[in-house]
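Position 225 of the sequence shown, counting from 1, maps to 370 under the numbering used here, and the rest follow consecutively. A virtual CB, placed ideally from N, CA and C, is assigned to each residue, including glycine. Reading through the structure tokens given below for one structure.
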Amino acid sequence: MTSHVVLISGGTRGIGKSLVDLYLAQGHKVATFGQSVDNVNSLRKLHPNDDNLLLEKVDINNPKDVEDFVDQVVDKFSYIDVLYLNAGIYADSNFLKMKKEQWDKVIETNLKSIFTLSQKVFKKMAETDGEKRIYLMTSLAGLSGSFGQVNYSASKAGMIGFAKALALEGKKFNISVNAISPAALTDMTRPIIEKVEAKCELENKPFPDYWKIGTSDELAKTLIRLDANLQGMTGRIFGINGENIVLYEEPKCEKFDI
Numbered sequence: 146m147t148s149h150v151v152l153i154s155g156g157t158r159g160i161g162k163s164l165v166d167l168y169l170a171q172g173h174k175v176a177t178f179g180q181s182v183d184n185v186n187s188l189r190k191l192h193p194n195d196d197n198l199l200l201e202k203v204d205i206n207n208p209k210d211v212e213d214f215v216d217q218v219v220d221k222f223s224y225i226d227v228l229y230l231n232a233g234i235y236a237d238s239n240f241l242k243m244k245k246e247q248w249d250k251v252i253e254t255n256l257k258s259i260f261t262l263s264q265k266v267f268k269k270m271a272e273t274d275g276e277k278r279i280y281l282m283t284s285l286a287g288l289s290g291s292f293g294q295v296n297y298s299a300s301k302a303g304m305i306g307f308a309k310a311l312a313l314e315g316k317k318f319n320i321s322v323n324a325i326s327p328a329a330l331t332d333m334t335r336p337i338i339e340k341v342e343a344k345c346e347l348e349n350k351p352f353p354d355y356w357k358i359g360t361s362d363e364l365a366k367t368l369i370r371l372d373a374n375l376q377g378m379t380g381r382i383f384g385i386n387g388e389n390i391v392l393y394e395e396p397k398c399e400k401f402d403i
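Spelled out as structure tokens, the structure:
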């Protein structure tokens, strides 16, 4: 098995943490960071004295901190061949009640922050031979919108456009760029699912199939399986739920007569 150097943003909880744990278990080198001291320390306790792990507290919205961390990764492991742009937040609200601070916070963390990290890593990847991969963790909200999540939906839709455009530039350097729409029970999704469950129970309606989702560990296993079998595919959107993978079709248009 080829050994990879994997950089995962937001790898101290949820899907990111599951990816960190699984990649380390498979013998790969992993670099990750988080903004919470408690989450960073908790992950460190799970992997004490592991030379294959580089773990730091980094503010993803601080460009210098992010660039310095990427330099640390290359200094320690020599290269990076897999990048997961996974860090993200939400601040839900009905649009008429949404505050500008809620909009700015979500757009800054979910969308603006990926520029510095991905550009720095892209430059490093372009300097090395072999196949390299970048994954952007988007959402179904970015594909079809989500009520009460104008900010989150916009940020995730932006990530999809970013992935498709960067994929065009990455071909020259053997860098594939794809978007992943994950469905997993995490500390971020649990409150939303509980609200849906309560609403369904109150209205005596069945629980929607698309909210029946697997764990973050199941998703991580499937995502790593996908990574090993992409065969050069780039600029695409994949949906993952548990062990299931779907490939979204490219947008189609047809004549609209009026």
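>> Does ILE160 pass the burial test, meaning 16 or more other C-beta atoms within 10 Å, or should it be called exposed?
In response: Counting Cβ neighbours within 10 Å, ILE160 comes out buried, since at least 16 surround it.
> Is it right to say VAL211 is buried, meaning 16 or more other beta carbons lie within 10 angstroms of its own, or is it exposed?
Replying inline: Looking at its Cβ environment, which holds 16 or more other Cβ atoms inside 10 Å, VAL211 is buried.
> Should GLY233 go down as buried or exposed, given a rule of 16 or more other Cβ atoms within 10 Å for buried?
Replying inline: buried
> Between LYS366 and the rest of its own chain, which residues show a CB-CB distance below 7 Å, the 5 nearest in sequence each way excluded?
Replying inline: LEU167
> Using the C-alpha atoms, what's the distance from ASP274 back to ASP226?
Replying inline: 10 Å
> Which value, in whole angstroms, describes the spacing of the CA atoms of VAL175 and LYS242?
Replying inline: 41 Å
>> Please confirm whether GLY306 has its beta-carbon closer than 8 Å to some beta-carbon of chain B.
In response: Here chain B cannot be found, since the structure has a single protein chain.
>> For the alpha helix (DSSP H) containing PHE420, name the first residue and the last one.
In response: No information on residue 420 is available, as it lies outside the stretch 146 to 403 that the chain covers here.
>> Could you check whether GLU201 and PHE178 sit closer than 8 Å to each other, using their CB atoms as the reference points?
In response: yes
> Could you give the distance in angstroms between the alpha-carbon of ASN389 and the alpha-carbon of SER181?
Replying inline: 31 Å
> Shortest alpha-carbon distance to VAL391 belongs to which of ILE382, LYS397, PHE260 and LEU288?
Replying inline: ILE382
>> Tell me which residues share the same chain as ARG278 and place their Cβ nearer than 6 Å to its Cβ, disregarding the 5 neighbours each side in the sequence.
In response: VAL227 and SER321
> With respect to the alpha helix (DSSP H) encompassing ARG370, which residues constitute its N-terminal and C-terminal limits?
Replying inline: 361-372
>> Quick check on the DSSP output: the alpha helix (DSSP H) that includes THR261 runs from which residue to which?
In response: 258-271
>> Quick check on this structure: which residue in ALA271, GLY380 and SER148 has the alpha carbon closest to the alpha carbon of ASN319?
In response: Comparing C-alpha distances from ASN319 to each of ALA271, GLY380 and SER148 shows the shortest one belongs to ALA271.
>> According to DSSP, is THR157 part of a helix, a strand, or is it coil?
In response: Three-state DSSP puts THR157 in coil, outside helix and strand.
>> Tell me which residue opens and which closes the alpha helix (DSSP H) that ILE305 is part of.
In response: 295-315
>> Looking at the strands, I want to know which residues DSSP matches up with ILE320.
In response: LYS277
>> Could you give the first and the last residue of the continuous beta strand (DSSP E) run that contains LEU198?
In response: 198-202
> Given a threshold of 16 other Cβ atoms within 10 Å of its Cβ, counted over all protein chains shown, does GLY155 qualify as buried or as exposed?
Replying inline: buried
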